[in-house]
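Chains as they are written, first to last, in full-length UniProt numbering: chain Y, 1 to 470; chain U, 1 to 470.
Next up, the structure:
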């Protein structure tokens, strides 16, 4: 180990190879502070060539590598296990925006760039980079791509996968694949790009990417709509897609109980609806023409939805401040949940058409098995992505309830599976769900994945134990 | 071989295993009639299970498999070589549309479904399946996905890759991967779907797919605009994206010489521009609101473009018939080219921002080496995809010119490479370009591709010799 660390120091400079416990602590604990791993060092190369050189040393000394960006992941994908054999390879020094090409609508960024900085650089070039999620102030684009991040704009712009045209990757052997293409069409072989995207650092290390930019919308409009049921939210979605098409950029579902929690813990955010409703939809339109046109589009949509009895009540934001306030309510659901106590969380996706049935059936199954639980359902309905979270019954203690996590996961995930859904919509697998997917994926699919992993990383040094168990 | 063919007959019925030369001929010749291969049989399974059973027999008897849909490919990807050892496995009997889910905006189709039939089924459910290309009357969705087809709607809706959510695939071992997911978000492992898409049947056989549907536009508007240069076309593209955003669904560039050829060979299509122009753009808007709104959008755009001096003249289609007529001109370019004589064709893509420079620089290089050649440039400018074709000089004979193909390819493809472009934008590699890509892809990229191929198809029985040489 000493020889390995000396070689690392020699390669990138001693100040970038840390074995200091205090300094390394933030790199070893996961974002939700549930797990702390250990590492033989935290290594911070400063360029793609240095990343490659470190990985070649890891090959030589058989040292596992845990690539890490902002370390904001939710499935223990970017922290090492507790063996202490691995290094954490932090990409944070690769933080340059290399080029912006407004005519090609692309930007070439290094993987350690923070998402928010990329959004701002795009704005500076009068363009939009639409990827947007809660942790955007600290997550990095490399992590976003490695976990195929979702967020709130997927309905219109797709996941991180759809926002990337090209990659630069350091392979498990320490070679550099120069795939930084800025092309909309390129049919010259296997889709290596999409293989690395979403692979959670188990097949190589993304060091840079060409990402897609879009024209900035001229106007954005937000409304909060009250509905009777999730099925009505689906009817509203179909209507909004038909009438607004690509102008529909946000469609978030929030159950009445979500709103109750937000009002309870953040009373200043109480909504001005006269009565409580079963479901709410936060709807966003982005318009390329004008404020006026955006208003007309939104008003026509809501008018139709009210007339058809799909929507019961509506709050339309009339200023940017009001619009932000509505989004703030949405963003405070997880915080209100946390204030209420610990939750058992599920990040699932379903075919959009069965979401109403899934919610009522799963609610029934969970309540039957665990009477009194409080179910907190919200999510990106336009993408079929629900955060289906469960809080302890009022009569139970938080901790005794959390002991039931495995049994509750079983009910929820089995239900997801029976509706042809996914048990990880946008958060990934990491170390947290790698056993859970074995229950739902066929042996054939698992073997295909293992075959690819073994072929590309025969020494199993790239983020071992994440996504698939060797 | 007899034992193998008997086993095939026993498995799927003797009438679906043909060794009849006349009957097999259309399966053995490529779409452009440049090459005829041989096969030990043409085999037509009737279900996914039968496809799997045939592939297991191919494993047992070490018989190569050439999967084939509509056999409309342009790079010799779907015809066998001349060894006579392979079977052609035709997917044409797997032609059922299994389900349509209008709320989820998905359709599950078998791979032998003809693209045009899928478009019509979507229309029947008041939805749009936007993939559209010249051969849509006979190409199949399995072939579209295996070659990641492009076409005329990529600018707005993406390539075939972006239009697919899930796949069912028979692996080279004859297992069935049931990946028919209809989910917008699913982060549960490696992206197998995108690995099979664009793999040209070398990693497995796509037997069914879940494809994305979209709301049908309410109005479509087409205009033909005359411009001074390709650079002005780029300025127009940026303006149109800014003003119309996702409503911009078509942006085709055609050089003045393309128009000359169409007028010469199809005089009834002569355009009513007062004078000849250097470049033309066929522009299409699709609107989700109304005819009126579409008109306003288009008129405002053209008005701005005229005022800014980007556009010199414009023809706006005022009826569906006129709109079709403009598209017909575009579609007749390849026919006019063929009527003029044989061409050396290139299907290339570039970063959109360098297209003007690429055209002038490549024109210069080609004309310097081959004085008098006529260059026919047209393509999907919005995707950076050019069909850069070269016709013989008037003073030369067609055939002596065609002898120069290798030298001309070298100039064009080297130029593409120097501008960071791709030598196959939408047609793929097949057997035609498998040596050519070796010149432009790094050894690291080729090795990654070979590693994946060897791992997933160790016997090399899936479409051997296509895309990569073993």
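Glycine included, each C-beta is placed from N, C-alpha and C at the ideal position.
Practice item. Just the chain Y side, please: which residues come within less than 8 Å of residue 215 (chain U) by C-beta, in chain order? Key: 241, 242, 245
Check your understanding: Would the stretch 186 to 199 of chain U and the stretch 184 to 193 of chain Y be scored as touching if the rule is three or more Cβ pairs under 8 Å?
Key -> yes
Check your understanding: Using the beta-carbon of each residue, which ones in chain U are nearer than 8 Å to residue 385 (chain Y)?
Key -> The answer, in chain order, is 184, 185.
Point to revise | Cβ contact check for the stretch 282 to 297 of chain U and the stretch 250 to 257 of chain U: 3 or more pairs under 8 Å | key: The answer is yes - the stretch 250 to 257 of chain U touches the stretch 282 to 297 of chain U, with three or more Cβ pairs under 8 Å.
Point to revise | Alpha carbon of residue 369 (chain U) to alpha carbon of residue 357 (chain U), nearest angstrom | key: 18 Å
Check your understanding: Does DSSP classify residue 304 (chain Y) as helix, strand or coil?
Key -> Three-state result, residue 304 (chain Y): helix.
**Study point:** In DSSP terms, what residue 251 (chain U) is bridged to
**Key:** U:283
Practice item. In angstroms with no decimal places, state the Cα-to-Cα distance between residue 46 (chain U) and residue 17 (chain U). Key: Straight-line Cα distance between these residues: approximately 11 Å.
Check your understanding: With DSSP run on the structure shown, which of helix, strand or coil describes residue 429 (chain Y)?
Key -> coil
Point to revise | residue 212 (chain U), DSSP secondary structure in three states | key: strand
Review point. Can you name, in chain order, every residue of its own chain whose Cβ lies under 6 Å from the Cβ of residue 374 (chain U), other than the five neighbours on each side?
Key: The answer, listed in chain order, is 391.
Review point. What's the gap between the Cα of residue 139 (chain U) and the Cα of residue 115 (chain U)?
Key: 6 Å
Review point. Hey, would you say residue 21 (chain U) sits closer than 8 Å to residue 108 (chain U), going by beta carbons?
Key: No, the pair does not count as a contact, with Cβ atoms beyond the cut-off.
Check your understanding: Excluding the five sequence neighbours on either side, which residues of its own chain have a C-beta within less than 8 Å of the C-beta of residue 176 (chain U), listed in chain order?
Key -> 48, 49, 52, 168, 169, 170, 207
**Study point:** Contact list for residue 455 (chain U) against chain Y, beta-carbon separation under 9 Å
**Key:** 451, 452, 454, 455, 456
Review point. In the structure shown, what three-state DSSP assignment does residue 39 (chain Y) receive?
Key: coil
Exercise for review: Could you please tell me which residues of the stretch 143 to 155 of chain U, in chain order, have their CB closer than 7 Å to any CB of chain Y?
Suggested key: 147, 148, 150, 154
Check your understanding: If you measure from the beta carbon of residue 134 (chain U) to each beta carbon in chain Y, is any gap under 8 Å?
Key -> With 8 Å as the cut-off, residue 134 (chain U) does not count as an interface residue toward chain Y.
**Study point:** Contact set between residue 420 (chain U) and chain Y, taken where Cβ atoms lie within less than 9 Å
**Key:** 180, 181, 182, 183
Exercise for review: State yes or no: is the beta carbon of residue 72 (chain Y) nearer than 8 Å to at least one beta carbon in chain U?
Suggested key: Taking Cβ atoms only, chain U never reaches closer than 8 Å to residue 72 (chain Y), which makes this a no.
Check your understanding: How big is the Cα-Cα spacing for residue 35 (chain U) and residue 43 (chain U)?
Key -> 20 Å
Point to revise | Buried or exposed (CB count within 10 angstroms, at least 16 for buried), residue 84 (chain U) | key: exposed
**Study point:** Short-range partners of chain U found in the stretch 99 to 132 of chain Y, where Cβ spacing is below 9 Å
**Key:** Residues passing the 9 Å Cβ filter: 101, 102, 103, 104, 105, 106, 126.
**Study point:** Three or more C-beta pairs below 8 Å linking the stretch 89 to 102 of chain U and the stretch 114 to 129 of chain U
**Key:** yes
Check your understanding: Leaving out five residues before and five after residue 450 (chain Y) in sequence, what residues of the same chain have Cβ atoms less than 7 Å from its Cβ?
Key -> Within the same chain, residue 450 (chain Y) has close Cβ partners 468.
Check your understanding: Does any CB atom of chain U fall closer than 8 Å to the CB of residue 464 (chain Y)?
Key -> Chain U, which has no Cβ nearer than 8 Å to the Cβ of residue 464 (chain Y), makes this no.
**Study point:** Three-way DSSP call (helix, strand, coil) for residue 222 (chain Y) in this model
**Key:** strand
Practice item. Would you check if the distance between the CB atom of residue 155 (chain Y) and the CB atom of residue 383 (chain Y) is smaller than 8 Å? Key: yes
Point to revise | residue 307 (chain U) classed as buried or exposed, judged by whether at least 16 other C-beta atoms fall within 10 angstroms | key: exposed
Check your understanding: Which value, in whole angstroms, describes the spacing of the CA atoms of residue 311 (chain U) and residue 443 (chain U)?
Key -> 45 Å
Point to revise | Near-chain Y residues of the stretch 337 to 362 of chain U - C-beta to any C-beta below 7 Å | key: 349, 351, 352, 353
**Study point:** Residues bridged to residue 227 (chain Y) (per DSSP)
**Key:** Y:279
Check your understanding: Between residue 205 (chain Y) and chain U, is there a C-beta pair that is closer than 8 Å?
Key -> no
Exercise for review: Could you tell me the boundaries of the beta strand (DSSP E) in which residue 378 (chain Y) lies?
Suggested key: 374 to 380
Check your understanding: From which residue to which residue does the beta strand (DSSP E) around residue 98 (chain U) run?
Key -> 97 to 101
Point to revise | For residue 114 (chain U), the three-state DSSP class (helix, strand or coil) | key: Correct three-state label for residue 114 (chain U): strand.
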